[in-house]
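Q:
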Amino acid sequence: MAAQAGAHAAGQHGHGEHAHELSFVRKYIFSTDHKVIGIQFLITTLLMLMVGGALALGVRWQIAYSWQTMPIVGKWLFGEQGGQISPEFYTMLFTMHATVMIFLVIIPILAGAFGNFLIPLMIGADDMAFPTLNMLSYWFMWPAIICFGLSFLFDGGPAAGWTSYPVLSAIAEAAPGSGMAQTMWLLGLTFVGVSSMMGSVNYMTTIINMRAPGMTLFRMPLTIWGMFITAILQAFALPVLTAAGFMLLFDRLPFSIHSCFFIPNDLIINNAEPTVGGGQPLLWQHLFWFYSHPAVYIMLLPAMGMVSDMLAAMVRKPIFGYRPMVYSMAAIAGLGFIVWGHHMFTSGMNPALGMTFMTSTIMIALPSAVKVFNWIGTIWGGKVRFNTVTLNCIAFVTMFIVGGLSGIFMAAVPVDIYIHDTYFIVAHFHYVLFGATLFGVFGAIHYWFPKMFGRMMNETLGKWHFLLSFIGFNGAFFPMHLLGIAGFPRRYAEPWIHPYLEHLLPMNRFITISAIVMGFAQFLLLANFAYSMFRGPKVGRNPWKANTLEWFAPSPPGHGNFDVQPVVFRGPYEYSSPLVKDRDYLMQTEYLPRREERPTEQPQPQPA
Amino acid sequence: MSHATHSTHSHPSAVRMGLGIPNSKLCMWLFLGTEIMFFTAFIGSYIVLRMGSPGWPTDPHVTHINVRLGGLNTFVLIFSSYLVVVAHEAMSKRQFDRARRAILGTLLAGCVFLGIKAIEYYGKYSHDLLPGHVAETPDAAMRKAVRELREARRAWLDALEPGDEVEKVRLERARSAGSSADASSEHALFVKFDRAVEELAAQVKAERITLADVQRRVRELKEGEGIGEWLGGVHEPHPVLYGNLFTSCYFLMTGFHALHVVVGMLLWAIVLSAKSLEGWHEYVENSGLYWHFVDLVWIFLFPLIYIV
Amino acid sequence: MKADHTVEEHQAPYGFIFGLLCVFTAVSWLADELKGFGLLTNWYVIAVIVMAVAAAKAMCVMLYFMHLKFEQNWKYVLLAPTIILAVGIPLALLPDIGLHYYVVADRPAVAADVVGHGEHGHDGGADEHADGGEDNAAAGGVSERSGEQ
Amino acid sequence: MRNFWCLFFTVWPIVAVGTFVIAPAMGWWFPTDAYSTLGQQIDDLFYLILTIVGVVFIGTHIALGYTLWKGSQDPNRRSWFTHGSHTLEVIWTIVPAGILLFIALYQMDVWRMYRVQSAFPEDLLEVAEVTARQFEWRIRYPAPGRPLQLKPQKGDVYAVNDLHVPVNRPVLIQLRTMDVQHSFFVPSLRVKQDALPGQVIPVWFEVTKPGIYDLTCAELCGWGHYKMRGRVVAEAEEDFRAYLQRLAAEQAYDGVTPIETALSHAEKRQNEE
Ligand code: HEA
Ligand code: HEA
Ligand code: CUA
Ligand SMILES: [Cu+2]
């Protein structure tokens, strides 16, 4: 079926016949196999994580040791400036840090890497609905990487933050030196947009139309639900950002012909001629956050799904409240579309809108609460083994609680008036983005690595990586809440010129050191990854004794995934089912000759 | 292993859970969903920007929006959409020749649409109604006229007195040559023009002249024999309040729509380049969906831009 | 697969729909022409007519040309959220972009009466342009209609 | 090992809570108490949310720690086979819903007072227009005794990075920007409002304690964003008047009459009026 669709889409070139004689290039580089593409995404994004992390360390260095020469790299990078970072460069650092982390790490690692790898496997399909489109979606990330990379080269670098609010981002004079860089940045944004777009329609089609026999919607693992809902969010929200990006791009045209959607009249910027426009900068904020708020759930829902699957498998227990989990994900997605204004409480928007957005934002904590309680419920009465996967999943849950709860402060508008654009926000989103999502991803890497490469990852290294990351992470980001409460504004190249912040310098040094610890812990992950790829102990099909379909395929699965077409008989979470006595898992594909009784709760012993 | 793979691939008959519509059609519909959001962002922005603007140029003499051309274009697109359903129907009945003719018709209609669009764009261009170029107030319009006249003078001067000396020197030379030459010579004409420009510039600078006067003088200059042909880049000053925002929106929306038309035409061109239409049924259906969508967008753009 | 069975698909009255669409187009064109003759001058009436016509045309194209009439229920699942969002965005942008809660600082005066948006009028924010206002109107910069928007 | 991890996941929330408990004593807390009326309400709200959130945080982590500890004790046990509990789901949907709704409704009032123009205090004094630009705050006071106009007037008094306001009465500033976005942020007063290009945004606050407060910029506005430092000086109303008079006199300085004389003339003239 995939073959057929592909052939239709791409014209008439044959498909399948040459499956066993693909050249190296077709097999590993321009491959249309979803698993290869997934792994390509994974490796690319892990490398990008290092890039983004290195930029973050630059940010941290400047805050804690303002204007001091960075050890080792400082002289080399900023020789002309006497080893110093310039304020423009600092702006570029955090802009690119956020850009890389969000657009080249978190979104592609979730949807691109795990989405690609897992969706066909978990629903029992041979491949994605459109393998070629899938390949393109990976390769469209490269122009984006190149554009973002090029924006480093133009002197100032993009200088408007990842939110790139006009007028700062719309008029070249506003940020001298950033002219071409900002334009490149917008182009890069368009390319990641195209890439995600291709991915998301493909995922939706695959999930809707290519499920194995018996795989009804409510037998899908939560990972698939997460990916599915993410794809929907992506499909509805992303075009708006792309559209807004084009509008900003046209506003920036370096010729005398340029539009003025976001440029009001009579601004005198950098002593240039007053602008002639009539546009409205607030429009960008609305359009940007209309995408970027759903995007934060795009950066979370797949991780939520994966963590649910991992937790259930690790504690050998059905997920607590499967349907509420699905519904709450859907609710998060639905509500996610009507809360974007909470980023704009102080922006000068209509206060009536502020009230509406505040209510919806606070309400979004509700489905999140359901999820948190269900995760705890899943662990409740389960058999907990503290391996790397479990540890990362638990970290996900606790970090998400922290990040989510700090969201409540900000959702309360009056409080947000004070903490908006302070480090409280920075703490919040690193807790949800790194604390939740990235720990979830770390868990997922360890969990699905055996399926990807047929080998286990090293447990000891994994635990050390977890321990150092967790401690470093909390050391770095927990104190940021306090910074925020102390009124420490974000995006400050040198906060220390403000006397009311001076006493916070030691805390910032502590944060920076923690960040360095956390940063270097990531080398353990890379090392573990690279080492285990070639040297890890080999495993069979189902090393975790899990239920979902991917474990039914060989490890690693060949082209076409399954040697036997799977047929699905039950939901994905029948761990410790009373129907089978000799083991504590019951795969979705297993056919039990006896008619299954409806699993009841009574005969089971209550949790310890 | 690879054998097993092979067999699953070449026998797509495996039962699947799903909607029972082909993947490609499902994908096309999902894609159209994203396209709706894409145009929503543009159209929505246009609507609110327009409402938020204290004024908006709507007079066709000012905006050079031509409802008749727009209506004609609407008709052309609807007609092409009709041809597409005809083609689709013909494909279902395996009347491939008829389908091919209909598709060719669609392609041609697309060309006509773009042609008319080009005429409209040219109208805007020739009045310099381009985003960022529009003078919004009478003052700005007059200053713009002076600027354009000076540019025209520079071009003329370059032709008259080529060389790499500073402009001032060449200007002096041209002036003195002009005053001594007989009245019909190129140089004399130039001097006449030059004087007019300088006088106008001085008056505009001193705010001693009304817009209507400037318009008249520019018109006279443009009609002036021997001078007019140098003034192609000079436009009669017509301030259009909020014209920049208006043209920004206009070109954004119609431009992206036109881009979609071009993509659609490419899709049709691919079908036509196939030797036989056998097996293209799904392709035609999906491209048709896309084409109808493009039509649909225009159905909304037409009243929003041209009429309201 | 399914493609083979579409042969005996529902034959929609394509020609009739096409005719209908042409008539609709003519109606909106006419609305504009009448305005030219001074017959239909109320901006709102014109706007409502042409937008209603556009919606009707869109329905025709979607239902028949795009075969939505003959599709199964997935069409609702796909189109309902899309349309809600598509209508929702402009509505949500309206309070901030379409109307202004705060005073707009630097609007060239069209004519003082044009600018008012609800309670917040145009507070003399552009004196330097004030005298330009008449000229603009004279030059056709803004037609009388814009006042009603 | 398993006990280590149980301990690990118990200790970290304790450390986290502990940090928050000792933070005020360590000076890692609000820069100062809130010295504005609305600021105090914001702080109250903050503490309310902090309490709720703290309870939720501790509660969820106790539950988490407990389940982890129980679950890791007996490696040979079979897990509890359950697909969830309807009652529990309902409970933990309804209870947080109630709490959240309470938070949402409870704070509406503060927000309304802060931003909704019709809910502003009656006796607002429009002190100045603050215009942000890269990278400074320009302040325009009306001439002493005159009301503030939207457009600059003759006799207006100008200052840079130094905003004086009378204490103990609600004052209003008109916030605007000459170029890009900025944000008017006075941490000690808990005031923050973006300056939006193209619009004039009224911001009101009532300072409750005389003093000099830092004014910073909280919206990225270019390379010099961090150094857009100003101050808000809150002083008794007479002092504020005197300051304005003095500033006006200084700006009207004709190069001959000594400032002090000019000042007394001005005062006399005003008294006569
Ligand atoms: C994965 C990413 C992610 C996630 C999941 C969230 C989740 C949430 N976010 Fe966050 N947010 C960001 C990423 C994310 N955010 C980013 C990147 C920014 C900054 C962008 C920038 O400016 O650069 C931001 C900024 C941001 C702001 C703007 C702040 C400002 O700039 O002034 C606000 C304001 O309301 C907010 C709120 C919330 C809320 C209410 C949630 C909720 O979804 C959280 C819900 C979860 C819980 C509440 C915890 C679990 C629940 C319980 C344990 C139940 C009981 C709880 C109660 C009864 C209270 N976020
Ligand atoms: C997924 C998203 C994500 C992730 C993972 C991170 C990770 C980190 N972030 Fe980031 N951050 C954002 C998203 C993210 N951030 C966003 C959206 C912003 C807002 C930007 C804006 O305001 O516009 C932001 C802003 C931001 C700021 C605020 C800057 C400011 O406002 O002035 C800070 C400051 O401390 C910071 C720090 C860090 C640190 C220390 C990490 C650490 O977790 C990083 C850990 C390090 C690694 C994982 C890599 C390890 C690599 C090495 C050790 C290589 C070393 C090599 C050399 C030194 C050559 N981030
Ligand atoms: Cu001004 Cu930041
Ligand atoms: Cu958000």
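Chains A, B, C and D supply the protein sequences, listed in that same order. Just add 315 to the spot in the first sequence (first one is 1) and you have my numbering. Just add 2 to the spot in the second sequence (first one is 1) and you have my numbering. Just add 2 to the spot in the third sequence (first one is 1) and you have my numbering. Just add 104 to the spot in the fourth sequence (first one is 1) and you have my numbering. Glycine included, C-beta positions come from ideal geometry on N, C-alpha and C.
Whole alpha helix (DSSP H) runs in the stretch 18-58 of chain B with 4 or more residues, listed along the chain?
A: Counting whole runs of 4 or more residues, the stretch 18-58 of chain B contains the alpha helix (DSSP H) stretches 25-54.
Q: Are the beta-carbon atoms of Ala338/D and Val295/D separated by less than 8 angstroms?
A: Not closer than 8 angstroms, so no.
Q: Compute the Euclidean distance between the alpha carbons of Thr347/A and Leu501/A, then round it to the nearest angstrom.
A: Taking the straight line joining both Cα atoms gives about 28 angstroms.
Q: If we cut at 8 angstroms on Cβ distances, does Arg102/B have a partner in chain A?
A: Output row for Arg102/B: interface = no.
Q: Who are Gly307/A's beta bridge partners in DSSP?
A: In the structure displayed, chain A extends from 316 to 923; residue 307/A sits before or after that span and is not available.
Q: For Met640/A, which residues in the same chain have their Cβ closer than 7 angstroms to its Cβ, ignoring the five residues on either side in sequence?
A: So the list reads Leu537, Ser623, Ile634, Lys686 and Asn689, once near-sequence residues are dropped.
Q: Taking Ala618/A and Phe543/A to be in contact with their CB atoms under 8 angstroms, please state how far apart those CB atoms are, rounded to whole angstroms.
A: Between Phe543/A and Ala618/A the Cβ distance is about 14 angstroms, and since that is not below 8 angstroms, they are no contact.
Q: Have a look at Leu598/A, Arg805/A and Thr693/A and flag the residue whose alpha-carbon is nearest the alpha-carbon of Gly188/D.
A: With distances taken between Cα atoms, Gly188/D lies closest to Thr693/A.
Q: How far does the beta strand (DSSP E) with Ala684/A in it reach, from first residue to last?
A: Careful: Ala684/A lies outside any beta strand (DSSP E), inside the alpha helix (DSSP H) at Ala680 to Ile694.
Q: Could you check what DSSP says for Phe344/D in three-state terms: helix, strand or coil?
A: Correct three-state label for Phe344/D: helix.
Q: Which residues in the same chain have their Cβ closer than 8 angstroms to the Cβ of Ala329/B, if we skip the five residues on either side of it in sequence?
A: Only positions 3 to 310 of chain B appear in this structure, which leaves residue 329/B out of reach.
Q: Is Pro881/A near Leu894/A, with beta carbons less than 8 angstroms apart?
A: Taking 8 angstroms as the Cβ cut-off, Pro881/A and Leu894/A do not qualify as a contacting pair.
Q: With DSSP as the reference, identify every bridge partner of Asn876/A, one or two as the case may be.
A: Asn876/A is bridged to Gly873/A.
Q: Assign Asp184/B to buried or exposed, taking buried as 16 or more other Cβ atoms, counted over all protein chains shown, within 10 Å of its Cβ.
A: Exposed.
Q: Does Phe18/C get closer than 8 angstroms to chain A when you measure Cβ to Cβ?
A: Taking Cβ atoms only, chain A never reaches closer than 8 angstroms to Phe18/C, which makes this a no.
Q: So the beta strand (DSSP E) Ala371/A belongs to, where does it begin and stop?
A: Ala371/A -> not in any beta strand (DSSP E); alpha helix (DSSP H) instead, spanning His349 to Ala379.
Q: What is the rounded straight-line gap between the Cα of Val50/B and the Cα of Thr42/B?
A: Each residue's alpha carbon lies about 12 angstroms from the other.
Q: For chain A, is any of its Cβ atoms less than 8 angstroms away from the one on Pro83/C?
A: For Pro83/C, the answer is yes, since a Cβ of chain A falls inside 8 angstroms of its Cβ.
Q: Tell me the DSSP bridge mates of Ser140/D?
A: The partner list for Ser140/D (beta bridge, DSSP) reads Val311/D.
Q: Within 10 Å of its beta-carbon, does Gly126/C have 16 or more other beta-carbons around it, so buried, or fewer, so exposed?
A: Caution is warranted here: a pLDDT of 35 is assigned to Gly126/C, below 50, making its placement in the model unreliable, and the coordinate value is therefore given only provisionally. The residue in question, Gly126/C, is exposed, as its Cβ has fewer than 16 Cβ neighbours within 10 Å.
Q: Which residue comes first and which comes last in the alpha helix (DSSP H) that contains Phe253/B?
A: Note, Phe253/B: alpha helix (DSSP H), Gly245 to Leu274.
Q: Answer with buried or exposed for Lys71/C, where buried requires no fewer than 16 other C-beta atoms within 10 angstroms of its C-beta.
A: Exposed: under 16 other Cβ atoms inside 10 Å.
Q: Enumerate in chain order the residues of its own chain whose CB-to-CB distance from Pro528/A is below 6 angstroms, with the five nearest sequence positions on each side excluded.
A: Closer than 6 angstroms at Cβ, skipping near neighbours: Val882.
Q: Grouping DSSP H, G and I as helix and E and B as strand, with all else coil, what is Ala475/A?
A: The answer is coil: DSSP assigns Ala475/A none of H, G, I, E or B.
Q: CB of His813/A to nearest heavy atom of ligand 3: below 7 angstroms?
A: No, Cβ of His813/A sits at least 7 angstroms from all heavy atoms of ligand 3.
Q: List, in order along the chain, the chain D residues whose C-beta lies closer than 7 angstroms to that of Tyr815/A?
A: Those within 7 angstroms of Tyr815/A in chain D are Pro135, Pro291 and Asp318.
Q: Contact defined as beta carbons within less than 8 angstroms: I believe Arg805/A pairs with Tyr888/A. What is the distance between those atoms, to the nearest angstrom?
A: 41 angstroms between Cβ atoms; not a contact.
Q: Just to check, is the beta-carbon of Leu324/D closer than 7 angstroms to a non-hydrogen atom of ligand 3?
A: Yes, Cβ of Leu324/D sits closer than 7 angstroms to a heavy atom of ligand 3.
Q: Can you confirm whether Ala46/C, when its beta carbon is compared against all beta carbons of chain D, has any partner nearer than 8 angstroms?
A: Looking at the sequence provided, one finds Tyr at residue 46/C rather than Ala. Closer than 8 angstroms: no.
Q: What residues in its chain sit with their C-beta under 6 angstroms from that of Val29/C, if we drop five residues either side in the sequence?
A: These residues qualify, in order along the chain: Val55.
Q: Around the C-beta of Gly117/B, are 16 or more other C-beta atoms found within 10 angstroms, so that it is buried, or is it exposed?
A: Its Cβ having fewer than 16 others within 10 Å, Gly117/B is exposed.
Q: Pick out every residue whose C-beta is nearer than 6 angstroms to a heavy atom of ligand 4: which are they, in chain order?
A: Output, sorted by chain position: His608/A, Val611/A, His657/A and His658/A.
Q: Mind checking Ile126/D: buried by the 16 CB within 10 Å criterion, or exposed?
A: With fewer than 16 other Cβ atoms within 10 Å, it is exposed.
Q: At what residues does the alpha helix (DSSP H) containing Phe195/B begin and finish?
A: Its alpha helix (DSSP H) spans residues Glu188 to Lys207.
Q: Go ahead and pull the three-state DSSP assignment for Leu568/A.
A: It is coil, neither helix nor strand.
Q: Is there a C-beta anywhere in chain C that falls below 8 angstroms from the one on Ala43/B?
A: By this cut-off, Ala43/B is an interface position.
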